[in-house]
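Remarks on the structure that follows.
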Amino acid sequence: MAEIANPFRPGAGHYPPYLAGRDPEIEYFGKLLEQGPILENLVLTGLRGVGKTVLLDTFKPRAVGSGWLWAGADLSESSSVSESSLATRVLADLAVLTSGISVAPDRGASFGFAGELRPSDLAGSRLGYQTLVRIHNQTPGLASDRLKGVLELAWPHLARRGRRGVVFAYDEAQNLSDHAGKDEYPLAMLLDVFQSLQRKGLPLMLVLTGLPTLFPKLVEARTFSERMFHVMFLSRLNPAHSRKAVVKPIEDAAGPVRFDDASVDTICRVSGGYPYFIQFICREAFDVWIQRRPDDDMPSVPVDAIFRKLDSDFFSGRWAQATDRQRTLLRVIASLPGADDEFTVRQIVEASKRGDVTAKPFSGSHVHQMLASLIAAGLVYRNRHGRYSFAVPLLADYIRRQDAPLDGVEPPRA
Ligand SMILES: Nc1ncnc2c1ncn2[C@@H]1O[C@H](COP(=O)(O)OP(=O)(O)OP(=O)(O)O)[C@@H](O)[C@H]1O
Ligand SMILES: [Mg+2]
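Going left to right, the sequence shown walks through residues 29 to 442 as this note's numbering numbers them.
Written out as structure tokens, the structure is:
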């Protein structure tokens, strides 16, 4: 028998065989592309593995199809650490769009460009990365003035090519942070630059994607972020969309494998509707199904075995990064009735006093401090009402599984 290709794609940023349940978000993004002056930018946020990156990937061709240019990248920690490293990032992304353009003799200062660089200095040069950096470095003022200077100079050249605007799209933008101690404010710089250029009517739109810590960070850096961004919070798929995410790829593959109804129900239920888990469980289940023989009576979806694999592939790396004391705190949180939803410092303190998880209760200030480091590690986030939630879906279940008696291989007896 020819090998039957498994259509499912668990993995960060791997495009799913069928993108389920995101039509409202795609439609909303279409409306953002229709804006004249830019009044709304976009924050695309949600828990780990909920589908932010792949949704961002679907936005790009739509934007380009509507006459926009698209610039962007993943914001690694190193590119977000300082104002100059973030400016370098933005210039590098812009240069991809502008490097083919040469500056006409009379166009060096289309937008009141005022620096030591005279318009004639630029005439005839191409707006490649080096030129952009030169303009940046020779524009007087603060870091934000310099970046603004480059964007203001570059935009008219792009506009003359009939482009409607530029979308600057940054994934993993929760890595952006201001560091008062080091006097570095990259996040505030980015927000200032786009807000100011948009007020002047430049169609440069920001799309930032990241974990739920992202939006509170933006607001903390600049309160005007509240008005500047529309926040799309991607949630788990509802049961109907989960079903489609499971069934459609198999139908489209038109191969011999079909999950029966009970199996589809099981997958939808145990995945919680979280896209990464759907892909993961379906991929495993598919492999089991293609190896099944008609007389086999093994379970159609071996949930326990799949979850053991999921635990080691997805959760255990994150768990391993936590210190012993952090794990104790996470266990206390997992014991709360609201662990899957939201919880407060006070609830954690109270639960730790009960003594069923730890003999050493946590104080309020200690919990505050530890939650801050768990937020930095991307395990927890704080919502706008000051309550906390896990940033990793189904993490509480995983923690409870760790503490459940092992029913696996027994250690040898002495
Ligand atoms: N709407 C969807 N329908 C079906 N599968 C999806 C959907 N969205 C995402 N997936 C799948 O879920 C997995 C995670 O997607 P993605 O990497 O985009 O998530 P993410 O939110 O960016 O995660 P992270 O927080 O780790 O960056 C991928 O395997 C992808 O194929
Ligand atoms: Mg992602």
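By construction, the Cβ of each residue, glycine as well, lies at the ideal position given by its N, Cα and C atoms.
- Between residue 385 and residue 363, the CB-CB gap stays under 8 Å.
- Relative to ligand 1, the nearest heavy atom lies less than 7 Å away from the CB of residue 307.
- In the DSSP assignment, residue 197 falls within the beta strand (DSSP E) that extends over 193-199.
- The DSSP assignment places complete beta strand (DSSP E) segments of no fewer than 3 residues inside the stretch 162-227 at 193-199, in order along the chain.
- As summarised for the stretch 295-334, the continuous alpha helix (DSSP H) elements at least 4 residues long and confined to that stretch are 303-319, given in chain order.
- Close to ligand 2, as judged by a C-beta nearer than 6 Å to any of its heavy atoms, are the residues 40, 41, 80, 81, 199, in chain order.
- For residue 233, DSSP records a beta bridge to 195.
- Cβ-Cβ distances below 6 Å link residue 232 to 194, 225 in the same chain, with the five nearest sequence neighbours on each side left out; the list follows chain order.
- In the three-state reduction of the DSSP assignment, residue 75 falls in the coil class.
- Counting only the Cα atoms, residue 178 lies some 13 Å from residue 186.
- In this structure, the straight-line span from the alpha carbon of residue 401 to that of residue 421 is close to 18 Å.
- Excluding five sequence positions before and after residue 319, none of the CB atoms of its chain fall closer than 8 Å to its own CB.
- A distance below 7 Å between beta-carbons, with the five flanking residues on each side excluded, links residue 106 to the following residues of its chain, in chain order: 113.
- Boundaries of the beta strand (DSSP E) harbouring residue 102: 96-102, taken from the DSSP string.
- Not one heavy atom of ligand 1 is found less than 7 Å from the C-beta of residue 70.
- In the DSSP assignment, the residues bridged to residue 70 are 235, 258.
- Apart from sequence neighbours up to five positions away, the residues of its chain that approach residue 220 with a beta-carbon distance below 6 Å are 172, ordered along the chain.
- For residue 270, the enclosing alpha helix (DSSP H) stretches over residues 267-281.
- Residue 206 and residue 212 do touch by the CB rule: their CB atoms are close to 7 Å apart, below 8 Å.
- For residue 412, the secondary structure class from DSSP, reduced to helix, strand or coil, is coil.
- Per DSSP, residue 154 lies in no alpha helix (DSSP H) segment and is marked neither H nor E.
- Look at residue 287 here: in three-state DSSP terms it is coil, with no helix or strand label.
- According to DSSP, residue 243 shares a beta bridge with no other residue.
- Taking C-alpha positions only, residue 236 is separated from residue 396 by approximately 27 Å.
- Taking a cut-off of 8 Å on C-beta distances, the stretch 117-131 touches the stretch 90-107, as three or more cross pairs fall below it.
- In this structure, DSSP gives residue 343 a helical state, which the three-state scheme calls helix.
- In this model, residue 368 and residue 121 are separated by some 39 Å (Cα to Cα).
- Under DSSP, residue 263 shares a beta bridge with no residue.
- In this structure, residue 48 has its CB closer than 7 Å to one or more heavy atoms of ligand 1.
- Taking every protein chain shown into account, the CB of residue 214 has 16 or more other CB atoms within 10 angstroms, so this residue is buried.
- Annotation: the continuous alpha helix (DSSP H) that includes residue 361 extends over 352-362.
- If you draw a straight line from the Cα of residue 268 to the Cα of residue 52, it comes to about 15 Å.
- The straight-line gap separating the alpha-carbon atoms of residue 313 and residue 54 is approximately 30 Å.
- Of the residues 247, 262, 126, 229, the one whose Cα lies closest to the Cα of residue 83 is 262.
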